[in-house]
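Asker: Would you mind keeping the following structure in view while I ask a few things?
Numbering (UniProt numbering), first residue to last: 1 to 122.
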């Protein structure tokens, strides 16, 4: 079974995982096999984050799926090949979100925190 299609001036690279299809449209000079590996790494990251990823995980947590993709890819280029460091960045963002939500519930909107500015003189 071929995972590559040509459409207009693009190549479509796709891969099926259980009931999920992941597709990428790439330019003619891009490598199809690297794109398949990118798809595979993205699915591995989704599996690590969600457990066994399914349609409902992506539908109801699409912002997390996009965040994972943004941590892994940026502008079509691989930013980080290490699964551990990508997952660590995602966990830190989740923790930051939980802390900011907790602080938002504890502090009234009218209360503003000010941080003293320290200026060093030379």
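Glycine is no exception: its CB is placed at the ideal position from the N, C-alpha and C atoms.
1. By Cβ distance below 8 Å, which residues in the same chain neighbour residue 49 in space, the five residues on each side in sequence not counted?
2. Tell me which same chain residues have a C-beta within less than 8 Å of the C-beta of residue 83, skipping the five on either side of it?
3. Whose C-beta lies closer than 7 Å to the C-beta of residue 111 among residues of the same chain, with five residues either side of it excluded?
4. Residue 28 and residue 11 look like a contact to me (Cβ under 8 Å); what is the Cβ gap, rounded to whole Å?
5. For residue 16, which beta-bridge partners are listed by DSSP?
6. With a threshold of 16 other CB atoms inside 10 Å of the CB of residue 99, please say whether the residue is buried or exposed.
7. Could you give the uninterrupted runs of the alpha helix (DSSP H) lying entirely in the segment 13-77, keeping only those of 4 residues or more?
8. Using a Cβ-Cβ cutoff of less than 6 Å, which residues in the same chain neighbour residue 32 once the five nearest sequence positions on both sides are dropped?
9. Closest by CA to residue 9, which one among 19, 18, 26?
Answerer: Well, looking at it:
1. Residue mapping note: residue 49 aligns to position 49 of the chain shown, counting from 1. Close CB contacts of residue 49 within its chain, under the 8 Å cut and outside five residues either way in sequence, are with 64, 68, 87, 90 (chain order).
2. As a first step, residue 83 must be located in the chain shown, where it is residue number 83. 41, 44, 45, 48, listed in sequence order.
3. Counting from 1 along the chain shown, the entry for residue 111 is found at position 111. Interpretation of residue 111 is limited by its pLDDT of 49, a score under 50 that renders its predicted location unreliable; the figure taken from the coordinates is listed afterwards. Cβ neighbours of residue 111 beyond the five flanking positions: none.
4. Residue numbering aside, residue 28 sits at position 28 when the chain shown is read from its first letter. Residue numbering aside, residue 11 sits at position 11 when the chain shown is read from its first letter. Residue 28 to residue 11, Cβ: 6 Å. Contact.
5. Indexing the chain shown from 1 puts residue 16 at position 16. 21, per the DSSP bridge assignment.
6. Within the chain shown, numbered from 1, the residue matching residue 99 stands at position 99. Residue 99 comes out exposed.
7. Fully enclosed alpha helix (DSSP H) runs of 4 or longer: 32-50, 55-60, 62-72.
8. As a first step, residue 32 is located in the chain shown; it is residue number 32 there, counting from the start. Cβ neighbours of residue 32 beyond the five flanking positions: 4, 13.
9. Within the chain shown, residue 9 is the residue found at index 9, counting from 1. Nearest C-alpha to residue 9 among 19, 18, 26: 26.
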